[in-house]
Amino acid sequence: MQRPPRFPLIWVAIGAAALLAVPWYGLDDRLSAPALFAGVPWLWPLALPLLLSLCAVFGRPRPHLLIAASAGGLLWLVLQGLLIIHRGWTYAWLIELTGGSGPTQPAMGWGAAVYALACVLLLAYGLACRGFCKGDVFVAATLLVVVGLIALFVFYPVLCILASAVRDNEGGFAPEQFLAKLLSPSIWSLACLTGAHGCGVAWNTVAVAALVGVLTTLLGLAFALVALRTHMPMKPLLRALSILPIITPPFVIGLALILLFGRAGMITMWIGNLFDIPRSRWIYGVPGITIAQVLAFTPIAMLVLLGVLQGVAPSLEEASQTLRASRWYTFRSVTWPLIRPGLANSFLIGFIESMADFANPLVIGGNFNVLSTDIFFAVVGASHDQGRAAVLAIVLLAFTLTAFVAQRFWLGRRSYATVGGKGHAGIPAPLPGGLRIACYGVIVPWLLLTIAVYGMILIGGFVVSVGRDNTPTLEYFWTAFSIEKGVGGWFLSGSAWNSFIVTIEIALIAMPFTAALGILTAWLLDRQQFPGRRTFEFLAMMSFAIPGTVIGVAYILAFNVPPVSLTGTGTIIAISFAFRNMPVGIRAGLANLSQIDRSLDEASLTLGARSFRTLRRVLLPMLRPAVVTALVYSFVRAVTAVSAVIFLVTGRYNLATVYIVGRADVGEYGIAIVYSAMLVLFMMLVLLLIQLFVGERRIGRRVDVPPIDAPATALAPA
Amino acid sequence: MTIRAVEFRAVSKRYGAVTALETISLAIDRGTLVTLLGPSGCGKTTMLRLIAGLEQASTGQIMVEGKDVTLLSATERDVSMVFQSYALFPHMTVLENVCYGLRASGIRKSRAVELAQAKLSLVGLSGYGARLPSELSGGQQQRVAVARAIVLEPKVLLFDEPLSNLDAKLRRHVREEIHELQRSLSLTVIYVTHDQQEALAISDRIIVMSMARVAQDGTPRGLYEQPNSHFVADFIGDANIVPVVIEGRQNELASVRLGPLQLTLPHHGAVAGPAELSIRPQAVLLSRGTSGLSGRVERAAYLGSHMEYWITIAGLDKELFVIAQDVMAPLGVGDEVSLTFGRTGVALVPREHLELG
Ligand SMILES: Nc1ncnc2c1ncn2[C@@H]1O[C@H](COP(=O)(O)OP(=O)(O)O)[C@@H](O)[C@H]1O
Ligand SMILES: [Mg+2]
């Protein structure tokens, strides 16, 4: 008889411990007894898969049995969790069938989590024995764990939205109500075209998003053209512009716009006094939302288009010119067709970002609602209509996913530009005169506006009342950030400290998980072959296109009640950060991996190293830039996020952004803006420090990712 | 039965609709240097990767040292590979690179360093252990890659076009070094190249591949002197392929008519009727007499060590390419010459049984 392999034995033991020694229900409070001692008969069958697994590894290895047993264990775990919840049977037909409300159980806890992990790993082992993932247990296990996590924290919640949309508020199945809500004129009405009433919220959203997409693309293009095709020294400016939106929570721009152009805004007052123009509320609504979003998202478009434009080989334009084409003709017939797919891409990105933006419409939208704010009010407002929230979320999701699918499949095949644009000698053609003047004409006012906005963010909180009374004051700063000496020594008495510290704490906790999840996923996608790889890639990247508001609603619907109950905890906030920001890690990892020749992994494998060692010793040291990027981004994006977490915060776990939006909502602009300024400065400090330590010069890039270090500067592992 | 170092039993490899290898069966003896030779895309790298375990065969069985390894991963096979790009880990020193495989197989660090140093000095790089790969020249990197592979004392050592990143001068030198190393350590080496000179120079045996199949398998001399197909004749060395007629066969010999000339050659399975003759450029003897085929010099080129001529022959619609050693009294363009053939370098090629690539 062969000695049984260690891996499955260990995980059978851990699974058994989960049933025998770890509290099955509850995560931090109200912990229960372990599964087998909780007096819950439907948990007893969970022991069976472990016994069968044991049989499958002792003696002749029987991977089939192992696969069946562990899959059965998982299935049973999920089924009992979905069918039996805190108020009895979940489904009406079960109540009818059994004639009673059925047994009850609270939400699953640590025991269930450990048991699920053990089953997943046993399943991975069994599959690997059957040749899955080339028989590599580590790869199979990583793959299954990542897929399981994405399924639990991205797809299960989104499915919960769908499920909740087809039910009435009492939980009964009500497809007619769903249809009524889905087709409601409040969503789809086109009345504004005839001028009678406002249009439905879906059309409002689409119109603003399309407008923002077009404007950001044009501005981004103007910037890219000026940066690459004129002699204007743009490097430092571009750098600043690419960093600022990353460290600025998006709604801060809306806030600054109100302080500049609102009824009592600085510029409004100034112009009003100068020309005697009556002050108006024009900024609230479409103009404000559009300007704020264009300010916020143009840098992204700029980075995309810089990449696209760099990819147009100068030799092509030179060829055109030697063929007697004029500059204008060259631009129109060579450059323009080559960058057109890039423009469409940039438009779609702007479109998706605008649709997903929640905080700017909230702050500056006035009476003009878009889908994301409507969802929010449906959940927290007086009506408290979760069904309506779910329907709106479905509509929003449909729009963003359509744009995402278009971006990936339709554009994916149409990009001629080779990003990076290596190996093409030649000097890019300068811009035709008229175009150059047009670019400057667009950029200069826009830059002035940006400067005004950021100036307002920095100083707005240090005057009594912007516009009306510009006397400097530290009042707001002290209210938010005072430190006092009390009986017990120094303490942070300012009103902002609590949310600030909680934010940093949760962002730091989420950071390593986000990066690990992203980089591991990238590694699976780029370096491993397994059935369904393309689907996996699509689904992993898709979570990027799910608007935060949708995720927020989904998490409330999914994790408020058993089988998994997490709302009200800091954990759920950290989880939402991890899965919202994971795609950043995936992108950074993919970009970095594509620069590492595959023969390095293969050399390691032929030298007898297993995939885990190869990943740790060979790839990870070279993936350092991607790891740093993923860490930094997951932190910064967590700190600036607002849309998903606004649904998830509680009194105990309040976050900086949510606190600021709350202040702005009740008109306390002083504190809101002072806090925003501090947040922006803090993040800038973090980036500077990281740059100092890591020496990584291009952290600020959002779209493309820095190349790997020269080998000589890379760390050699001990 | 002796145990072979590597054996393929009806192995095929497909990537979707592309067939990279089509039902290959062959065996490679221990301690020999075997070259896989063929044009780009014919499946050489695929074959090597199948042996290394970097790809899984679609059908068939692969044996290494008598053991079925078809389902084993690269990690589990006792086979090392020197990559075309060398694949040295850029973030590890030379010594760390060479130690890597030893450490991965659980050998103590001090022992690993000792073994690695020994192999580094074997390839002439003792004292370079602390450098990073980026601080070495191409030839030195190549030697590190070799040291890293042989330190594990693999059953089979694979080279995928190891010289393609070196400049022409260095190539001959490194080629001889590899050959020398293989002989002194009695390694089983499988060596991929698309350069026929390289293959002829170092191989015990050459496997010529074409379009996912083995075109011919034999010693360098055998392949050069007796190619079994148009493809092989053309691929190994230059050859003039001319149509001939086999008029009769007797024992091992066939009588062949080429224009007015009657030749007697080993038939190697060719049957009576139309056939092809492969004529090496050196095998054509030119004279001003009238004893052989009469031809006319169309072009001539002086190459220092020899002359190259293109000759037209009446009744043959192809020019013959001829190399002549006499550079002192060269022929001129337009000269009438008489052609005869030497004893070696002329061979009958059986009717094409292989699609031409
Ligand atoms: N991963 C792959 N996917 C699809 N086709 C491949 C792959 N690898 C090789 N091929 C195809 O298999 C054939 C043989 O390739 P290869 O073994 O690399 O050729 P060689 O090394 O002789 O130049 C080629 O037609 C190539 O296009
Ligand atoms: Mg090759």
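Protein sequences appear in the order of chains A and B. Quick note: the first sequence uses the working numbering, first residue 5, plus one each step. Quick note: the second sequence uses the working numbering, first residue 420, plus one each step. C-beta: ideal position from N, C-alpha, C; glycine also. Since this is a predicted model, take the numbers as computed values, not measurements.
Beta-carbon contacts of residue i that lie in its chain and below 7 angstroms, excluding the five residues immediately before and after
i: A582 of chain A; result: A514, F517, T518 and L521
i: T454 of chain A; result: L299
i: A743 of chain B; result: L705, H725, M726 and Y728
i: P38 of chain A; result: L23, L24, A25, V26, P27, W28 and G115
i: K426 of chain A; result: With a pLDDT of 41 at K426 of chain A, under the threshold of 50, the modelled position of that residue is not reliable, and no figure is offered here.
i: W15 of chain A; result: A122, L125 and L126
Own chain partners of residue i with C-beta closer than 8 angstroms, once the 5 adjacent residues on each side are dropped
i: L529 of chain A; result: R537, F540, E541, A544, I590 and L594
i: A493 of chain B; result: A471, G472 and L473
i: A566 of chain B; result: V517, A535, K538, L539, L541, V542 and L544
i: L232 of chain A; result: L310, L313, Q314 and P432
i: I508 of chain A; result: V643
i: T102 of chain A; result: W93
Nonlocal neighbours in the same chain, by C-beta distance under 6 angstroms from residue i, ignoring five residues either side
i: K215 of chain A; result: A quick correction: the sequence has Leu, not Lys, at residue 215 of chain A. Result list for L215 of chain A: T294, in chain order.
i: P253 of chain A; result: T644 and T661
i: I609 of chain B; result: V453 and L577
i: L225 of chain A; result: L309
i: V663 of chain B; result: V675, L677, A694 and L696
i: S605 of chain B; result: G450
i: G289 of chain A; result: G370 and F372
i: G424 of chain A; result: Because the pLDDT of G424 of chain A is 38, which lies under 50, any placement of that residue in the model is unreliable, and the question is left without a value.
Chain-ordered neighbours of residue i on chain B, where CB pairs are closer than 8 angstroms
i: D530 of chain A; result: What D530 of chain A touches in chain B: nothing, since even the nearest Cβ is about 16 angstroms away.
i: R617 of chain A; result: A523
i: P65 of chain A; result: The contacting residues do not exist; P65 of chain A stays about 14 angstroms from chain B at best.
Residue i Cβ short of 6 angstroms to ligand 3 heavy atom set
i: G498 of chain A; result: Inclusion of ligand 3 in the displayed structure is not the case, the ligand content consisting of ligand 1 and ligand 2 alone.
Member of the options whose CA lies at the smallest distance from the CA of residue i
i: G2 of chain A; options: A:A500, A:A634 and A:W332; result: Residue 2 of chain A is absent from the structure shown; chain A starts at 5 and stops at 722.
i: V383 of chain A; options: A:L342, A:G556 and A:F351; result: A:G556
i: S497 of chain A; options: A:I510, A:F481, A:E100 and A:A73; result: A:F481
i: L601 of chain A; options: B:K588, B:S504 and B:V483; result: It should be noted that the sequence gives Asp, not Leu, for residue 601 of chain A. Of the candidates B:K588, B:S504 and B:V483, the one whose C-alpha sits nearest the C-alpha of D601 of chain A is B:S504.
i: F616 of chain A; options: A:F177, A:A144 and A:W46; result: A:A144
i: R641 of chain A; options: A:I560, A:V568 and A:I510; result: A:I510
i: I262 of chain A; options: A:L512, A:M460 and A:V467; result: A:M460
i: T234 of chain A; options: A:F563, A:P434, A:S486 and A:V312; result: A:P434
i: N516 of chain B; options: B:L551, B:F502 and B:A702; result: B:L551
i: D669 of chain A; options: A:L259, A:G493, A:R656 and A:W46; result: A:L259
i: Q559 of chain B; options: B:L571, B:R590 and B:R530; result: B:R590
i: I579 of chain A; options: A:P67, A:G43, A:L156 and A:W286; result: A:L156
i: P625 of chain A; options: A:D605, A:G391, A:R440 and A:L611; result: A:D605
Within chain A, the residues that residue i reaches when beta carbons sit closer than 9 angstroms
i: M466 of chain B; result: In chain order: nothing, as chain A lies at least about 15 angstroms away.
i: R567 of chain B; result: A607 and L611
i: Q475 of chain B; result: G135 and K138
Within chain A, the residues that residue i reaches when beta carbons sit closer than 8 angstroms
i: V741 of chain B; result: Within chain A, no residue comes near V741 of chain B; the closest Cβ sits about 42 angstroms away, beyond 8 angstroms.
i: A493 of chain B; result: E606, L609 and T610
i: S697 of chain B; result: What S697 of chain B touches in chain A: nothing, since even the nearest Cβ is about 38 angstroms away.
i: S499 of chain B; result: T610 and L611
Contacts that residue i makes with chain B (C-beta to C-beta distance below 9 angstroms)
i: V622 of chain A; result: F508, H510, M511 and Y519
i: A613 of chain A; result: T494, Y519, G520, R522, A523 and S524
Contact list for residue i against chain B, beta-carbon separation under 7 angstroms
i: S4 of chain A; result: This structure does not reach residue 4 of chain A, given that chain A is present from 5 up to 722, and the question cannot be answered.
i: P625 of chain A; result: H510
i: P140 of chain A; result: One detail in the question is off: residue 140 of chain A reads as Asp in this sequence, not Pro. Chain B residues near D140 of chain A: S492.
Proximal chain A residues relative to residue i, where beta-carbon distance stays under 7 angstroms
i: A471 of chain B; result: T610
Quiz item: Counting by C-beta, which residues lie closer than 5 angstroms to a heavy atom of ligand 1, in chain order?
Solution: B:Y434, B:V437, B:A439, B:S459, B:G460, B:C461, B:G462, B:K463, B:T464 and B:T465
Quiz prompt | Those runs of the alpha helix (DSSP H) which lie wholly inside the segment 193-237 of chain A and span at least 4 residues | solution = 195-198 and 205-233
Self-check item: Contiguous alpha helix (DSSP H) assignments of at least 4 residues, all confined to the segment 614-676 of chain B
Solution: 615-621, 639-644 and 649-654
Exercise. Could you name each continuous alpha helix (DSSP H) segment of 4 residues or more that falls completely within the segment 432-480 of chain A, going from the start of the chain to the end?
Key: 437-463
Quiz prompt | Residue ranges of each alpha helix (DSSP H) within the segment 357-393 of chain A, 4 or longer | solution = 363-368 and 375-384
Quiz item: Which full runs of the alpha helix (DSSP H) of 4+ residues lie inside the segment 588-626 of chain A, going along the chain?
Solution: 602-610
Quiz prompt | Unbroken stretches of the alpha helix (DSSP H), 4 residues or longer, contained in the segment 501-542 of chain A | solution = 501-531
Quiz item: In the segment 29-104 of chain A, which residue ranges form an unbroken alpha helix (DSSP H) of at least 4 residues, counting only runs that do not cross its ends?
Solution: 51-61, 67-87 and 96-102
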